[in-house]
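S.K.: Just so we're aligned: the sequence shown equals residues 1 to 472 in the numbering used here.
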Amino acid sequence: MDHWTIRTRILASFAFILLVMTLMGAVAYNRLAAIDREVGVLQKDALPGLRHSVALQATWSELDALGWQAVTAGNEAERLRYLEQGREARQRLNAEEQNYQATIFREEDRARFGAYKQVRAQYDLAARVFSDPATWPGTAAAEAILRGPLHTRWIEGRKAVQVVVDDNDNAARKASASIVGSVDLAKTSIEVALLVAALAAAVCGYLLLRAVTVPMTSIIALLQHLRGGDLRQRLALGRRDEFHAVEEGFNQMSGELTSLVGQAQRTAIQVTTSVNEIAATARQQQATATETAATTTEIGATSREISATARDLVRTIHEVSSAAEQTAGLAGTGQVGLSRMEGTMQHVMDAAGSVNAKLATLNEKAGNINQVVTTIAKVADQTNLLSLNAAIEAEKAGEYGRGFSVVATEIRRLADQTEVATYDIEQMVREIQSAVSAGVMGMDKFSEEVRQEQPVHRAGAHVVITPRQQKD
Numbered sequence: 001m002d003h004w005t006i007r008t009r010i011l012a013s014f015a016f017i018l019l020v021m022t023l024m025g026a027v028a029y030n031r032l033a034a035i036d037r038e039v040g041v042l043q044k045d046a047l048p049g050l051r052h053s054v055a056l057q058a059t060w061s062e063l064d065a066l067g068w069q070a071v072t073a074g075n076e077a078e079r080l081r082y083l084e085q086g087r088e089a090r091q092r093l094n095a096e097e098q099n100y101q102a103t104i105f106r107e108e109d110r111a112r113f114g115a116y117k118q119v120r121a122q123y124d125l126a127a128r129v130f131s132d133p134a135t136w137p138g139t140a141a142a143e144a145i146l147r148g149p150l151h152t153r154w155i156e157g158r159k160a161v162q163v164v165v166d167d168n169d170n171a172a173r174k175a176s177a178s179i180v181g182s183v184d185l186a187k188t189s190i191e192v193a194l195l196v197a198a199l200a201a202a203v204c205g206y207l208l209l210r211a212v213t214v215p216m217t218s219i220i221a222l223l224q225h226l227r228g229g230d231l232r233q234r235l236a237l238g239r240r241d242e243f244h245a246v247e248e249g250f251n252q253m254s255g256e257l258t259s260l261v262g263q264a265q266r267t268a269i270q271v272t273t274s275v276n277e278i279a280a281t282a283r284q285q286q287a288t289a290t291e292t293a294a295t296t297t298e299i300g301a302t303s304r305e306i307s308a309t310a311r312d313l314v315r316t317i318h319e320v321s322s323a324a325e326q327t328a329g330l331a332g333t334g335q336v337g338l339s340r341m342e343g344t345m346q347h348v349m350d351a352a353g354s355v356n357a358k359l360a361t362l363n364e365k366a367g368n369i370n371q372v373v374t375t376i377a378k379v380a381d382q383t384n385l386l387s388l389n390a391a392i393e394a395e396k397a398g399e400y401g402r403g404f405s406v407v408a409t410e411i412r413r414l415a416d417q418t419e420v421a422t423y424d425i426e427q428m429v430r431e432i433q434s435a436v437s438a439g440v441m442g443m444d445k446f447s448e449e450v451r452q453e454q455p456v457h458r459a460g461a462h463v464v465i466t467p468r469q470q471k472d
């Protein structure tokens, strides 16, 4: 039975109980059929036969008594009355015989009644003088007949009737005893069947209960281990029924759960590694941002220096312009003024060279800032990829990686903000480079114009010196 399924066991249990109940019903039906047969015997054979045979016996005895009363009658009228009563008694006897013959169903009963009929025929032959008043032989002859052969035939008829009565009485007793026996057997059979059915139901119920509760106990115990975190436990029920499928499915689920937890652990380690890399990248971005801030500060200082130099240059240009106007109006101020103007022009040339050098330095710093911005953009892209990879691993980990997913999303958002800020810085640096290039071109143009003015200054000096030499 170990290889039976739960369904088969339940069906077998109900089938066995139904079989017991069917057997009980069959036995009860058999006993009831026997009782019905015996009741039929009582109703159609024994009781009617007993009643009619007793009536035959009584009428038979009445015939003998009426014969003696006719013989001993005191007068003719009384004798005729007794003879008439005898004739009526014979008619009743004939009627009872016909009624009894209708209740004969057994051969032995028919044989016994046939023997009685033969005795009755002999009795009627001997009692003809009592059946017809015209044949009355007289009192003495009638008494002789009554005491002689008629009495002998009457005794034989009474015995034959008694045999018939006893036979019907025995048949009634046997039928009654058979009915009582059938009832007792039916009661015993029903009691035994009920006891067997109850015992079978108890045994089958116990076996079904064990078939379900024993593996369920093992499953509950294993669930306790799994709830405690021990995923190494496996079911070993050793069953071939539905619990075998439960065992295989449960063990497969435990194995897959173990693999999933291991994968989640590995994913958590990868996420942790990615977070560490992201943190390192963030620190690198912070250092790069600090360097960018320092470079920006230097650019600001250089820009302020360039602005101050430009203001000095403008002021010097105004002075040169004034000096040139004074030189044009006062050509005769002398060599001292020209020398001063030449020195001023040289100072302007030196200042323009200094401005060009500082602008070149500013352009170089702007190029360095552009390289730093490019590095920051690459780091931001790498950070975005790392955070995306961490988010994917966190999604694979499910509940275990939900916190890492939030962190990865926040880091990706910061990386996007960093990339946008880097793009803004790059645009600002390009604008600074454009402005510096324009300033360098302007200063080169100014220096070229100053160099073009030097021959004019020299000619003016010569003009001034020549009159002075002529004067000297």
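C-beta atoms are modelled at their ideal positions from N, C-alpha and C, and glycine is treated no differently.
(1) Measure from the alpha carbon of Asp424 to the alpha carbon of each residue in Ala390, Ala377 and Arg451, then state which is nearest.
(2) Rounded to the nearest angstrom, what separates Glu78 and Gln122 at their Cα positions?
(3) Tell me the rounded alpha-carbon separation between Leu146 and Val54.
(4) Let me make sure I understand the geometry here. Which of Leu414, Leu83, Leu19 and Ala245 has the alpha-carbon closest to that of Arg128?
(5) By alpha-carbon positions, which one of Thr217, Pro215 and Trp60 ends up nearest to Glu97?
(6) Buried or exposed for Glu393, going by 16 or more other Cβ atoms inside 10 Å?
(7) Between which residues of its own chain and Glu191 is the CB-CB distance below 6 Å, once the five residues before and five after are set aside?
(8) Excluding five sequence neighbours on each side, which residues of the same chain lie with their C-beta closer than 6 Å to the C-beta of Asp472?
(9) Quick check on this structure: which residue in Thr422, Ile10, Ser387 and Glu156 has the alpha carbon closest to the alpha carbon of Asp406?
(10) Only counting the same chain, and skipping five residues up and downstream in sequence, which positions put a Cβ closer than 7 Å to that of His151?
(11) Just to confirm, are Thr295 and Asn368 a CB contact at a threshold of 8 Å?
(12) Here's a check: name, in chain order, each residue in its chain whose Cβ is nearer than 6 Å to the Cβ of Glu62, leaving out the five neighbours to either side.
(13) Kindly indicate which residue of Val164, Trp136, Ala134 and Trp154 has the alpha-carbon position closest to the one of Phe113.
(14) Give me the Cβ distance between Leu208 and Ser13, rounded to the nearest whole Å; I'm assuming they're in contact under 8 Å.
(15) Using C-beta distances below 6 Å, list every residue in its chain close to Leu19, excluding the 5 sequence neighbours before and after it, in chain order.
(16) Count the CB pairs spanning the region 14-34 and the region 174-190 that are closer than 8 Å, and state whether there are at least three.
(17) How many Å lie between Gly229 and Ile269 at the Cα?
(18) Return helix, strand or coil for Thr103, following the three-state DSSP convention.
(19) May I ask you to report which of helix, strand or coil DSSP gives Ala236?
(20) For Tyr100, does the count of other Cβ atoms within 10 angstroms reach 16, so buried, or fall short, so exposed?
(21) What's the C-alpha gap between Asn356 and Ala391?
(22) On a Cα-Cα basis, can you pick out the residue from Arg451, Lys365, Gly343 and Asp444 that is closest to Glu426?
(23) Could you say which of Gln265, Gly343, Met216 and Gln371 lies nearest to Val429 if we only look at CA atoms?
(24) Along the chain, where does the alpha helix (DSSP H) containing Glu191 start, and where does it finish?
(25) Quick check on Thr135: does DSSP put it in helix, strand or coil?
(26) When you measure from the CB of Ala33 to every non-hydrogen atom of the ligand SAM, does any distance come out below 7 Å?
(27) From Asp184 to Ala102, what does the alpha carbon distance come to, in whole angstroms?
(28) Pick out whichever of Gly255, Leu80 and Gly353 has its Cα sitting closest to the Cα of Arg451.
(29) Apart from the five residues on each side of it in sequence, which residues of its chain come closer than 7 Å, Cβ to Cβ, to Asn389?
(30) Are the CB atoms of Asp166 and Arg106 nearer to each other than 8 Å?
(31) Grab me the residues of Gln284's own chain with a C-beta within less than 7 Å of its C-beta, minus the 5 sequence neighbours each way, in chain order.
(32) Cα-Cα, which of Asn168, Glu291 and Arg413 is closest to Gln57?
M.R.: Looking at the atomic coordinates:
(1) The shortest C-alpha to C-alpha distance from Asp424 to any of Ala390, Ala377 and Arg451 is the one to Ala377.
(2) In a straight line, the C-alpha of Glu78 is about 27 Å away from that of Gln122.
(3) Distance between the alpha carbons of Leu146 and Val54: 23 Å.
(4) The residue with the shortest Cα to Cα distance from Arg128 is Leu83.
(5) Of the listed residues, the one whose Cα sits closest to Glu97 is Trp60.
(6) The Cβ neighbour count for Glu393, taken over all protein chains shown within 10 Å, is at least 16; the residue is labelled buried.
(7) Annotation for Glu191: no residue places its beta carbon closer than 6 Å to its own, counting only its chain and skipping 5 residues before and after.
(8) Only weak support is given to the placement of Asp472: the predicted model assigns it a pLDDT of 46, under 50, and the value that follows is read from those uncertain coordinates. So the list is empty, once near-sequence residues are dropped.
(9) It is Val, not Asp, that sits at residue 406 in the sequence shown. Comparing Cα positions, the closest option is Ser387.
(10) Taking His151 as the centre and dropping the five residues before and after it, the same chain places no C-beta closer than 7 Å to its C-beta.
(11) Cβ distance < 8 Å, so Thr295 and Asn368 count as in contact.
(12) Within the same chain, Glu62 has close Cβ partners Ala89.
(13) Per the Cα distances, Val164.
(14) Rounded to whole angstroms, the Cβ separation of Leu208 and Ser13 is 6 Å, and the two are in contact under 8 Å.
(15) Within the same chain, and ignoring the five residues on either side of Leu19 in sequence, no residue has its Cβ closer than 6 Å to its Cβ.
(16) They touch, by the three-pair rule.
(17) Their Cα atoms are separated by approximately 19 Å.
(18) Here Thr103 sits in coil by DSSP.
(19) In this structure, Ala236 counts as coil in the three-state DSSP scheme.
(20) By the 16-neighbour rule on beta-carbons within 10 angstroms, Tyr100 is buried.
(21) Roughly 51 Å between the two C-alpha positions.
(22) That would be Lys365, whose Cα lies nearest to the Cα of Glu426.
(23) Measuring from the Cα of Val429, the nearest candidate turns out to be Gln371.
(24) First-last of the alpha helix (DSSP H) with Glu191: Pro149 to Arg227.
(25) Secondary structure at Thr135: helix, using DSSP grouped into helix, strand and coil.
(26) Ligands displayed in this structure: none; no statement on the ligand SAM is therefore possible.
(27) So the two alpha carbons sit approximately 32 Å from each other.
(28) Nearest C-alpha to Arg451: Gly353.
(29) Excluding positions up to five away in sequence, the list reads Ser274.
(30) It is not a contact, given that the beta carbons lie outside the stated cut-off.
(31) Excluding positions up to five away in sequence, the list reads Val379.
(32) With distances taken between Cα atoms, Gln57 lies closest to Asn168.
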